[in-house]
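Colleague: This structure is in structure tokens; I'll ask about it shortly.
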Amino acid sequence: MKGKKFCQLVKEYTQAVKQAEEKANKIGDILTNLLRPYIPDITYTVGGADEGVETIYFWSKSWKEYLMKDQKDIKFPVFEVEDLIVGVFPELEDHIRAIVGEVEAEIADKIEQDLMKLKEQ
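Be aware that the sequence shown starts at -4, since it is given in our numbering, and climbs by one per residue.
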């Protein structure tokens, strides 16, 4: 590969990474806004220590603390937020990590309904 072709390849690569990050931020914003009524302090980051722009991390400090606090107050069964998202958007499997703990069945149903509405828009 000649120098100019390589430079073009580098340029295309950096543009693709930038576009991927922009799209990841849009997905993060949309899902965070959808989940915020149920997990008020939810936030997200794109990429992490082990993964790049291909992974969106969702987290909530207070929700995780709530779930770790007293198990007797939790109405089982509980559902992982990540599983709810991937259940509706399977193409996001391996591209999101929801480190927000679990939600009770009633909240899980509402989240699934909201995700389905989003998909149908």
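Think of the CB as a built atom: it goes at the ideal place given N, C-alpha and C, for glycine as much as any other residue.
1) Sort Q3, K(-1), E115, E101 by Cα distance to K70 and report the nearest one.
2) Output needed for V81: all residues of its chain with C-beta closer than 8 angstroms, excluding positions within five of it in sequence on either side, in chain order.
3) Is Y52 near T40, with beta carbons less than 7 angstroms apart?
4) Residue ranges of each alpha helix (DSSP H) run of no fewer than 4 residues wholly in the stretch 10 to 75, ordered along the chain?
5) Have a look at P32, K56, L110 and flag the residue whose alpha-carbon is nearest the alpha-carbon of A85.
6) My output table needs one value for E99: the three-state DSSP class, helix, strand or coil.
7) Alpha carbon to alpha carbon, how far is A19 from S55?
8) Within its chain, find whatever has a CB closer than 7 angstroms to the CB of G42; leave out the 5 residues flanking it on each side and keep chain order.
9) Enumerate in chain order the residues of its own chain whose CB-to-CB distance from L29 is below 8 angstroms, with the five nearest sequence positions on each side excluded.
10) Starting from I106, follow its DSSP beta bridges and name the residues at the other end.
11) Which value, in whole angstroms, describes the spacing of the CA atoms of T27 and V5?
12) So, at 6 angstroms on beta carbons, what are the nonlocal neighbours of A15 in its own chain, with the 5 sequence-adjacent residues on each side left out?
Modeller: Quick look at the numbers:
1) For the purposes of this step, residue 70 is taken as residue 75 along the sequence shown, with counting starting at 1. Minimum Cα distance to K70 is reached at E101.
2) Reading the sequence shown from its first residue, position 86 is the one you call residue 81. Correct list, in chain order: L87, E88, I91.
3) Walking along the sequence shown from the start, residue 52 turns up at place 57. Walking along the sequence shown from the start, residue 40 turns up at place 45. Their beta carbons are under 7 angstroms apart, which means Y52 touches T40 by this criterion.
4) 56 to 64
5) Taking the first residue of the sequence shown as 1, we reach residue 85 at position 90. It is Pro, not Ala, that sits at residue 85 in the sequence shown. Taking only the C-alpha atoms, the option nearest P85 is L110.
6) On the sequence shown, position 104 is the one that residue 99 refers to. Residue state, collapsed to three classes: strand.
7) In the sequence shown, the residue the question calls residue 19 occupies position 24. In the sequence shown, the residue the question calls residue 55 occupies position 60. About 18 angstroms.
8) In the sequence shown, counting from the first residue as 1, residue 42 sits at position 47. V48, T50.
9) To locate residue 29, count along the sequence shown from 1; it is residue 34. Here the set comprises I106, D109, L110, L113.
10) Counting from 1 along the sequence shown, the entry for residue 106 is found at position 111. Its beta-bridge partners do not exist; DSSP assigns none.
11) If you number the sequence shown from 1, residue 27 lands on position 32. If you number the sequence shown from 1, residue 5 lands on position 10. Approximately 33 angstroms, taken between the alpha carbons.
12) The residue labelled residue 15 in the question sits at position 20 within the sequence shown. Once the five neighbours on either side are set aside, the close Cβ partners of A15 are V48.
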